[in-house]
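Enquirer: A single structure is presented below for examination.
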Amino acid sequence: MLVVDGTSGVTFNDSSLQGAAASPYVLKNRIINGDMRIAQRGTSATVSNGSAIGFGADRFQTDSYTWSAGSNITVSNETTVVPSGFTNSYKWANGATGLTFNSGGFQSITQKIEGYNIADAYSGNVTISFWVRSSTAGIYALWIANNYGSSEIYTTKQYTINSANTWEQKSITVDLSGGIAAGGTWNKTNGEGLSVNWMLGGNANRTGNTGLNTWVNTNTTPIYAWNTSSSVQLSAIPSSTFYLTGVQLEIGTSATPFERRLFGQELANCQRYFCLLAGGGACGVAEGSNRVSLTYQYPVPMRGSPTGTLDATKGTLNQPQGGPNIVTTMNNFFFGTATSETGGWLVLDTSTSPWTTGRVIINAGTTGMIKFSAEL
972 MLVVDGTSGV TFNDSSLQGA AASPYVLKNR IINGDMRIAQ RGTSATVSNG SAIGFGADRF
1032 QTDSYTWSAG SNITVSNETT VVPSGFTNSY KWANGATGLT FNSGGFQSIT QKIEGYNIAD
1092 AYSGNVTISF WVRSSTAGIY ALWIANNYGS SEIYTTKQYT INSANTWEQK SITVDLSGGI
1152 AAGGTWNKTN GEGLSVNWML GGNANRTGNT GLNTWVNTNT TPIYAWNTSS SVQLSAIPSS
1212 TFYLTGVQLE IGTSATPFER RLFGQELANC QRYFCLLAGG GACGVAEGSN RVSLTYQYPV
1272 PMRGSPTGTL DATKGTLNQP QGGPNIVTTM NNFFFGTATS ETGGWLVLDT STSPWTTGRV
1332 IINAGTTGMI KFSAEL
C-alpha cells in the first residue's frame, strides 16, 4: 500500500520513505546510469598496468595506477549476477595474481559528477546508497572528493560487507559543507564537481586514517590516504571479485528507493559524456579517391568539445551514387576547426581508393566508427 503524508512524504510498499527533502520529482539521483544499463563502449574491458581506465558501464570507470606485480583487471557489464529488481551490474574481477602497487598506486571504481548536476547540494548533506557484492567480506572504504583546480578536498567513509558473495545494500551520509569549511572550491559549471570512489586497494602509503570521517585539504597532506587501515585490500587477493549496482546520490540524510529513469533518457544522459558516430550520423563528399569530408551532429549536446578516437574496424562508409563502394576500414582522420559541443566536421582517409570525387558519402554502419568522449 502506498501512503502519502503531507508532512513525512511518501511511504512505499517496502516501508521505505521518500521524504520531501529528497526532491523526488526533479533530479533526485545525481548519479548517471546507476543501474548500469548503458554500456556504449562494450560489455567488457581489460585494465592493464599503468594509468589506465576501464569502463564496465557508462560513467563508471575503474581507475588503476601502477603496480609492480600482478595480473590485468577485467571490468564487465553483467546481466546474471544482479540483486532483485535490477538487470545489470558492474563487475570488477582480479586476475590470477593479486596486485602489488608501486608508491601511490591504487584501484577504485569512480563516477565523477558534473558541477551543474550537484551545485545545489554543496551546502548540506547527501546520502549515497548502493548494492554491493564482494568475494571477500569485511570493511571497505569509499571516498568522496572535489577536484577543482589544484586543491582537492576529500573525506573517506567506511562500510561493511557482512557476507561474501552476497548482495547487500549500503547507505552512507556525507556533509558536503564540511568540504567547503576545509577550504574546498567546488565547481558549479561543466567541470568535475564531485567524485564518488569505491576503493579496492592500494600501496601502503595510500592506507591510513587521514580523512576518515573528516574533510582534508590535500594541499596539506603529503599523499592521500583514501584506503583506511582496516579496509580489505581486495586488489591484493587473487581472483577476487566486486560487483556494484543501484547507485544513488541524493540530497538529505536518508536513502530513498532507487530512481528509475526511462532507458532513452538515461542513454541521452550518458551521451553527454560519450557517444558513437553511428549509421546516418554524418554525411559529406569525397574530396578525392581515398579521402572524404563529413559533417556530423551529436545525439545530444556534449559536456564540452570532445576528443575523438577512430575505430578502424567498426562502421562503414558508403557512396550511394554509383556505389555501393562500401568501405569498412579507415586509417586516418582529423577534426575540422568547427568541432564543438554540438557537432562539427572531420576528414577520413580510407585504406583503398574507391571514391568518385565530389559525390556524396554517408556513414552507414550501426556500431559507430568514431568514438567521441567528453568525460570528466
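Sequential numbering from 972 applies to the sequence shown in the numbering used here. Quick reminder that beta carbons are idealized off the backbone N, C-alpha and C, glycines included.
(1) Quick one: Cα of residue 1180 to Cα of residue 1322, how far?
(2) For residue 1185 and residue 1126, which I take to be in contact (beta-carbon distance under 8 Å), what is that distance rounded to the nearest angstrom?
(3) Tell me which same chain residues have a C-beta within less than 7 Å of the C-beta of residue 1213, skipping the five on either side of it?
(4) By a C-beta neighbour count over all protein chains shown, 10 Å radius and 16 as the cutoff for buried, is residue 1228 buried or exposed?
(5) Straight-line CA distance for residue 1294 to residue 1324?
(6) Closer than 6 Å by C-beta to residue 1072: which residues in its own chain qualify, once you throw out the five before and the five after it? Chain order, please.
(7) So residue 1187 packs on residue 1124, CB below 8 Å; how close in whole Å?
(8) What residues match up with residue 1123 in a beta bridge as DSSP calls it?
(9) Would you say residue 1024 and residue 1032 are within 8 Å of each other, going by their C-beta atoms?
(10) Taking the C-alpha atoms as reference points, what is the distance between residue 991 and residue 1286?
(11) Is it true that the stretch 1256–1266 meets the stretch 1329–1340, where meeting means three or more beta-carbon pairs spaced less than 8 Å apart?
(12) Counting beta carbon pairs with one atom in the stretch 1080–1100 and one in the stretch 1150–1158, are three or more of them shorter than 8 Å?
(13) Just the C-alpha distance for residue 1199 and residue 1077, rounded to the nearest angstrom, thanks.
(14) What does the alpha-carbon distance come out to for the pair residue 1111 and residue 1141?
(15) For residue 1091, is the classification buried or exposed, using 16 other Cβ atoms within 10 angstroms of its Cβ as the cut-off for buried?
(16) Let's see if you can read the secondary structure: which residues bound the beta strand (DSSP E) around residue 1253?
(17) Could you give the distance in angstroms between the alpha-carbon of residue 1165 and the alpha-carbon of residue 1271?
(18) Could you tell me the distance, in whole angstroms, from the CA atom of residue 1000 to the CA atom of residue 1047?
(19) Taking the beta carbon of residue 1277 as the centre, do at least 16 other beta carbons fall within 10 Å, making it buried, or is it exposed?
(20) Rounded to the nearest angstrom, how far is the Cβ of residue 1008 from that of residue 1026, given a contact under 8 Å?
(21) Could you say which of 1020, 1041, 1055, 1003 lies nearest to residue 1030 if we only look at CA atoms?
(22) Using a Cβ-Cβ cutoff of less than 6 Å, which residues in the same chain neighbour residue 1109 once the five nearest sequence positions on both sides are dropped?
(23) Identify whether residue 1034 lies in helix, strand or coil by the three-state DSSP scheme.
(24) Determine the extent of the alpha helix (DSSP H) in which residue 1090 is found, giving its start and end residues.
(25) Below 8 Å CB to CB, which residues in the same chain sit around residue 1216 once its five sequence neighbours on both sides are set aside?
(26) Compare the C-alpha of residue 1268 against each of 1311, 1301, 1289 and name the closest.
(27) Using the Cα positions of residue 1192 and residue 1040, report the straight-line distance between them to the nearest angstrom.
(28) What is the DSSP secondary structure of residue 1312, reduced to helix, strand or coil?
(29) Quick check on DSSP: helix, strand or coil for residue 1026?
(30) May I have the straight-line CA-CA distance separating residue 1315 from residue 1266, to the nearest angstrom?
(31) Taking Cβ positions, are residue 1065 and residue 1146 nearer each other than 8 Å?
(32) What number of angstroms, rounded off, separates the C-alpha of residue 1168 from the C-alpha of residue 1129?
(33) Could you tell me the boundaries of the alpha helix (DSSP H) in which residue 1234 lies?
(34) With DSSP as the reference, label residue 1017 as helix, strand or coil.
(35) Residue 1250 by DSSP, collapsed to three states: which one?
(36) Quick one: give me the first and last residue of the alpha helix (DSSP H) that residue 1150 is part of.
Expert: If we stick to the structure as given:
(1) When rounded, the distance between both Cα atoms is 56 Å.
(2) The pair is a contact, with the Cβ atoms about 6 Å apart (cut-off 8 Å).
(3) Taken in chain order, the residues that qualify are 1063, 1105, 1171, 1205.
(4) Flag for residue 1228 reads buried.
(5) Taking the straight line from one Cα to the other gives about 13 Å.
(6) Within the same chain, and ignoring the five residues on either side of residue 1072 in sequence, the residues whose Cβ sits closer than 6 Å to its Cβ are 1038, 1173, 1174.
(7) Contact holds; Cβ gap of about 7 Å.
(8) Per DSSP, 1118.
(9) Their beta carbons are under 8 Å apart, which means residue 1024 touches residue 1032 by this criterion.
(10) Only weak support exists for where residue 991 lies, its pLDDT of 45 falling under 50; the value from the coordinates is given anyway. Each residue's Cα considered, the two are about 47 Å apart.
(11) Segments in contact, yes.
(12) Flag = yes, the stretch 1150–1158 and the stretch 1080–1100 touch.
(13) Taking the straight line joining both Cα atoms gives about 12 Å.
(14) Their Cα atoms are separated by approximately 11 Å.
(15) Label assigned to residue 1091: exposed.
(16) Taken as a continuous stretch (DSSP letters only), the beta strand (DSSP E) holding residue 1253 covers 1253–1259.
(17) When rounded, the distance between both Cα atoms is 23 Å.
(18) Residue 1000 and residue 1047 have their C-alpha atoms some 23 Å from each other.
(19) It counts as buried.
(20) Rounded, the Cβ-Cβ distance is 14 Å, inconsistent with contact.
(21) For the residues 1020, 1041, 1055, 1003, the minimum Cα distance to residue 1030 belongs to 1003.
(22) Closer than 6 Å at Cβ, skipping near neighbours: 1203.
(23) It is a strand residue.
(24) Residue 1090 -> no alpha helix (DSSP H), and no H or E assigned at all.
(25) Within the same chain, residue 1216 has close Cβ partners 1005, 1006, 1007, 1053, 1054, 1057, 1059, 1060, 1061, 1101, 1102.
(26) It is 1311.
(27) So the two alpha carbons sit approximately 27 Å from each other.
(28) Residue 1312: coil per DSSP, three-state reduction.
(29) In the displayed model, residue 1026 falls within a strand according to three-state DSSP.
(30) Approximately 6 Å between the Cα atoms of the pair.
(31) Not in contact: residue 1065 and residue 1146 (Cβ atoms no closer than 8 Å).
(32) Spanning the two alpha carbons is a distance of roughly 12 Å.
(33) For residue 1234, the enclosing alpha helix (DSSP H) covers residues 1234–1242.
(34) Three-state DSSP puts residue 1017 in a strand.
(35) Residue 1250: coil per DSSP, three-state reduction.
(36) Where residue 1150 is concerned, the enclosing alpha helix (DSSP H) stretches over 1148–1152.
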